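Taking the numbering used here, the leading residue of the sequence shown gets 2, the next gets one more, and so forth.
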Amino acid sequence: MYATILLFCTTFQFCFFIGLTASPVTNIKENNPEIVVDLLIDYLQVKYPKVNFNELIYVGAKRQKLYYINQGKLVSVHDVSTAINGVGNQDGSEKTPLGLHKIQSKIGQNVPLGGVFVGKRFTGKTAEIVTETKRTKSDDITSRILTLKGLESGINCGEDNIDTYHRKIYIHGTPEEGLIGQPASHGCIRMKNKEIMDLFDTVSVGVTVVILNN
């Protein structure tokens, strides 16, 4: 009962403060990010008491933002594109999965910016990066891949029809950089190519990833 009340209180506080920082990324430091990060981690520690959140990637689907947090400090914030179909864990839905995950593998070390992957293998080809707000003819995965594994049995892992890793959901680069900041993917979390390359170099396999619909 106490844990339920505590989760409710931390959820309310987190949602309230996260609403205060719903402004563009350039303004997040003006809204006291330390408080937001503290409340986020408090919420996650109550919801997932056995998980270590010293290093964390947090994706806010409604906000179209990815936050990298290390040792309780906000290190970087990135505009992203989650699924155009919204959020959900069902296979075939082309939605971005929710919940607790980890980085299962890092793919693409030394691949050039814009390098195209098929089946998680570099093809040797390089995509043209489009900065206009328009779709390209192909849904290319470019530059770097961080594969995701769900950690919540029955929610995002354990059954093929809801398993994030089975669904081949990644954090990756895209040639459609002009669409970053709005839902545009088929389930994955897209980033600008230089930014996914920087994040790739910063994080390690096993880092916790939390995707929330806020």
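Glycine included, every Cβ here is placed at the ideal spot set by N, Cα and C. These figures come from a predicted structure and were not determined experimentally.
On the three-state DSSP scale, how would you describe Y49?
Position 48 of the sequence shown holds residue 49. Three-state DSSP puts Y49 in coil, outside helix and strand.
If you reduce the DSSP assignment to three classes, tell me which class E1 lands in.
Absent from the structure is residue 1, since the part of the chain shown begins at 2 and ends at 215.
For T137, which of helix, strand or coil comes out of DSSP?
Locating residue 137 in the sequence shown gives position 136, counting from the first residue. Coil.
With contact counted as at least three CB pairs below 8 Å, one residue from each stretch, are the region 145-161 and the region 61-70 in contact?
no
Who does A84 pair with in a DSSP beta bridge?
Translated into positions along the sequence shown, residue 84 becomes position 83. Its beta-bridge partners are S186.
Three-state secondary structure (DSSP) of T22
To locate residue 22, count along the sequence shown from 1; it is residue 21. With a pLDDT of 43 at T22, under the threshold of 50, the modelled position of that residue is not reliable, and the figure given next carries that caveat. The answer is coil: DSSP assigns T22 none of H, G, I, E or B.
Euclidean distance between Cα positions of V112 and A128:
As a working mapping, residue 112 is identified with position 111 in the sequence shown. As a working mapping, residue 128 is identified with position 127 in the sequence shown. Looking at the two C-alpha atoms, the distance is approximately 12 Å.
Counted within 10 angstroms of its Cβ, other Cβ atoms place P184 as buried (16 or more) or exposed:
By 1-based counting over the sequence shown, the position of residue 184 is 183. Answer is buried; the Cβ neighbour count reaches 16.
Are the CB atoms of H102 and K150 nearer to each other than 8 Å?
Residue 102 sits at position 101 when you count from the first residue of the sequence shown. Residue 150 sits at position 149 when you count from the first residue of the sequence shown. Yes, the Cβ-Cβ distance between H102 and K150 is below 8 Å.
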